[in-house]
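Below is one structure, written out as C-alpha cells; comments come after it.
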Amino acid sequence: MATRDVSRKLALLGGSPVRTKPFAAWPVFGKPEERALLRVLRSGKWGRLHGPEVERFERRFAAMHGCQHGIAVVNGTVSLRIALQAAGLEAEDEVIVPPYTFFSTASAVVEANLIPVFADVELDTFNLDPRAVEAALTPRTRAIIPVHFAGLPADMDAFMALARERNLWVIEDAAHAHGASYKNRPVGALGHVASFSFQSSKNLTAGEGGMLTTNDDALAAACRSIHNCGRVPGGVWYEHHVISGNYRLGEFQGAVLNAQLNRLRAQTARRDRNGQYLARKLAALPGLYPQRRPDFCTRHSFHLFLLRLDEREFGAPRAAVLQALQAEGIPCSGGYGFSLHRQPMFQNKAFGPFLAQARARLDYRAVECPNSDRLCREQAVWLEQRLFLGTRADMDDIARAFEKIHAHRDALRDWARTRS
Ligand SMILES: Cc1ncc(COP(=O)(O)O)c(C=O)c1O
Numbered sequence: 003m004a005t006r007d008v009s010r011k012l013a014l015l016g017g018s019p020v021r022t023k024p025f026a027a028w029p030v031f032g033k034p035e036e037r038a039l040l041r042v043l044r045s046g047k048w049g050r051l052h053g054p055e056v057e058r059f060e061r062r063f064a065a066m067h068g069c070q071h072g073i074a075v076v077n078g079t080v081s082l083r084i085a086l087q088a089a090g091l092e093a094e095d096e097v098i099v100p101p102y103t104f105f106s107t108a109s110a111v112v113e114a115n116l117i118p119v120f121a122d123v124e125l126d127t128f129n130l131d132p133r134a135v136e137a138a139l140t141p142r143t144r145a146i147i148p149v150h151f152a153g154l155p156a157d158m159d160a161f162m163a164l165a166r167e168r169n170l171w172v173i174e175d176a177a178h179a180h181g182a183s184y185k186n187r188p189v190g191a192l193g194h195v196a197s198f199s200f201q202s203s204k205n206l207t208a209g210e211g212g213m214l215t216t217n218d219d220a221l222a223a224a225c226r227s228i229h230n231c232g233r234v235p236g237g238v239w240y241e242h243h244v245i246s247g248n249y250r251l252g253e254f255q256g257a258v259l260n261a262q263l264n265r266l267r268a269q270t271a272r273r274d275r276n277g278q279y280l281a282r283k284l285a286a287l288p289g290l291y292p293q294r295r296p297d298f299c300t301r302h303s304f305h306l307f308l309l310r311l312d313e314r315e316f317g318a319p320r321a322a323v324l325q326a327l328q329a330e331g332i333p334c335s336g337g338y339g340f341s342l343h344r345q346p347m348f349q350n351k352a353f354g355p356f357l358a359q360a361r362a363r364l365d366y367r368a369v370e371c372p373n374s375d376r377l378c379r380e381q382a383v384w385l386e387q388r389l390f391l392g393t394r395a396d397m398d399d400i401a402r403a404f405e406k407i408h409a410h411r412d413a414l415r416d417w418a419r420t421r422s
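What follows is the structure, encoded as C-alpha cells:
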C-alpha cells in the first residue's frame with residue numbers, strides 16, 4: 003500500500019491523494035458540555051461573581067499545573083498584561099520576548115507601557131535562546147517572557163538562573179502548553195507567573211478565555227485585584243485600588259472548561275504519543291527536521307507539530323511542498339509569514355498612547371533575529387494539534403504524503419518553476 007501510494011502521481015499534478023478521509027475534528031465535545039451549559043443556564047448564575055464554575059475551574063487547572071493560585075480571565079492576551087502589571091514594572095522598563103510567537107506576547111508588553119526587546123529563537127527548537135536573551139540584557143531589563151512554543155517547554159532552568167542573577171521576573175507564555183511538562187514538573191509553575199489561553203484553536207478551549215497561574219501569594223493577590231476592577235479582599239464593592247478593569251471569565255465558559263478539562267490529560271498523552279511517532283518517521287527523510295525535543299521535555303502538548311524543511315536537501319521549495327501536502331489531504335501551513343518585530347505595528351511604532359518617551363529612540367527596523375526570519379521565510383511547516391488526536395494510521399498517512407512528495411520532488415520542482 004505504502005509503495006503504491008508513493009509511486010503514484012502527486013495529487014497536485016492530477017494523481018489521487020494519499021488521504022481523502024477527514025482528520026479528527028476540533029473542538030471535541032458532547033453530553034458533558036451540554037449538561038454543564040444547561041446547568042449554568044438554568045441556575046441563572048451566569049457571572050463569575052455568583053456561580054461556582056469559574057472558581058472550580060481555577061482550582062482544578064491551577065492544581066493540575068502545580069500551582070496554588072489560578073485566576074481566570076477573558077483571554078490569554080489580557081493575562082499577559084495583567085502579569086506584567088502585577089509584577090510592578092515601571093513605565094518603559096524592558097521585557098525580553100521572542101520574535102517567533104503570536105502578536106500578543108509582545109503587544110501585551112506595549113499595552114503595559116513596557117518596551118519589548120526581541121531576542122532570537124533557536125533554529126532547532128523554535129524556542130527563545132537563553133544566549134540571545136543574555137546578549138539582549140540591559141540595565142533596564144526587568145522581565146523575560148519565554149513562550150513554550152507549540153507546546154515544547156522553553157529552557158526554564160537557564161531563564162530562572164538569569165532571573166536570579168539579574169533580579170528579573172519570568173513570565174511563562176504557556177498559551178500553547180496546557181499539560182506540558184519540564185523535568186516532570188508542569189509548565190505554569192516554572193517561572194514566577196504563567197499565562198494560558200483558551201481561545202478556539204488551543205488545546206483546552208471555551209472559544210475564548212485565559213488563566214494566570216502562580217505560587218507567589220502577593221502576585222496572585224495583585225492579579226486577582228487587577229482582573230476584578232482593582233477590588234481588594236475586605237474592601238467595599240465600589241472601592242477600586244489600582245488601574246484595572248473587568249477581565250473576569252463568565253460561568254458558561256467556566257462550565258465548558260470544567261468539562262473540557264476532564265478530557266485534557268488523555269488528549270495530551272495521545273498528542274504526545276502521536277507527535278513523537280510522526281517525528282521519528284519524518285526525521286528519516288532528507289531535509290526534514292522535526293522540532294528538536296530536549297531531554298528536559300517530559301511532555302510536549304503538541305499544540306502544533308513543527309518541522310523545518312531544508313529546501314535544498316529535500317529537493318523542492320517549501321511553498322510547493324505545502325501545496326502538495328494539502329492536495330494529498332494533509333492540512334498544513336507555513337506558519338508566520340515574517341518575524342514579530344517585522345509587523346507593521348513595530349516597524350511603524352504604531353503604539354497609540356504607549357511608550358511616548360522611548361518611542362523616538364526605538365528602532366525595530368534594526369532588530370536582527372536571523373533564526374526567526376529563516377523559520378518564517380524559508381523553513382517552518384506547521385501541522386495543527388487536532389491531527390494528533392487521531393490514530394497511528396493517521397500519522398502513517400501524513401508520513402506517506404511526505405514520502406510521496408519527496409519521491410516526486412523533481413516533478414514538483416518543475417511544476418513550481420513553471421509557476422514562478
Ligand atoms: C503564544 C501565544 N501567546 C498569547 C496568545 C494570546 O491568547 P488569546 O488569543 O487568548 O488572547 C496566543 C494566542 O493565539 C498565543 O499563541
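In the working numbering, the protein residues as written are 3 to 422.
Here a beta-carbon is modelled for each residue, glycine too, at the ideal position from N, C-alpha and C.
Handout entry: Whole-angstrom distance between Val244 and Thr79, CA atom to CA atom
Key = 19 Å
Practice task
Could you check which residue in Cys225, Leu391, Tyr102 and Leu91 has the C-alpha nearest to that of Ala271?
Solution key: Leu391
Problem - For Gly256, the three-state DSSP class (helix, strand or coil) - result: helix
Handout entry: Any heavy atom of ligand 1 within less than 6 Å of residue CB: hits in chain order
Key = Asn77, Gly78, Thr79, Thr103, Phe104, Ser106, Thr107, Val149, Asp175, Ala177, His178, Ser199, Gln201 and Gly212
Exercise for the section: Determine, using beta carbons only, whether Gly193 and Ala165 come nearer to each other than 9 Å. Expected result: yes
Practice task
Pair every Cβ in the stretch 391-401 with every Cβ in the stretch 368-379, then say whether three or more of these pairs are closer than 8 Å.
Solution key: no
Problem - Same chain, Cβ closer than 8 Å to Ala27, neighbours up to 5 away in sequence not counted - result: Arg388
Practice task
Going by DSSP, name the residue or residues bridged to Arg301.
Solution key: Ser183
Practice task
Determine the DSSP secondary structure at Gly193, reduced to helix, strand or coil.
Solution key: coil
Problem - Option in Leu342, Arg226, Phe105 and Asn217 with minimal Cα separation from Cys378 - result: Leu342
Practice task
Taking all protein chains shown into account, decide if Asp159 is buried (16 or more other Cβ within 10 angstroms of its Cβ) or exposed.
Solution key: exposed
Problem - Limits of the unbroken beta strand (DSSP E) element including Phe151 - result: No beta strand (DSSP E) holds Phe151; DSSP gives it neither H nor E.
Exercise for the section: Could you tell me the distance, in whole angstroms, from the CA atom of Thr5 to the CA atom of Ala13? Expected result: Since pLDDT at Thr5 reaches only 46, below the 50 mark, its modelled position is unreliable, and no value is offered.
Practice task
Grab me the residues of Arg310's own chain with a C-beta within less than 6 Å of its C-beta, minus the 5 sequence neighbours each way, in chain order.
Solution key: Tyr291 and Gln381
Practice task
Write down every uninterrupted run of the beta strand (DSSP E) in the stretch 79-128 whose length is 3 residues or greater and which is fully enclosed by it, in chain order.
Solution key: 96-99 and 117-120
Exercise for the section: Could you tell me how far apart the beta carbons of Pro148 and Phe161 are, in whole angstroms, since I believe they sit closer than 8 Å? Expected result: 5 Å
Handout entry: DSSP three-state assignment for Gly277, whether helix, strand or coil
Key = helix
Practice task
Could you tell me whether the Cβ atoms of Gly317 and Trp384 are closer together than 9 Å?
Solution key: no
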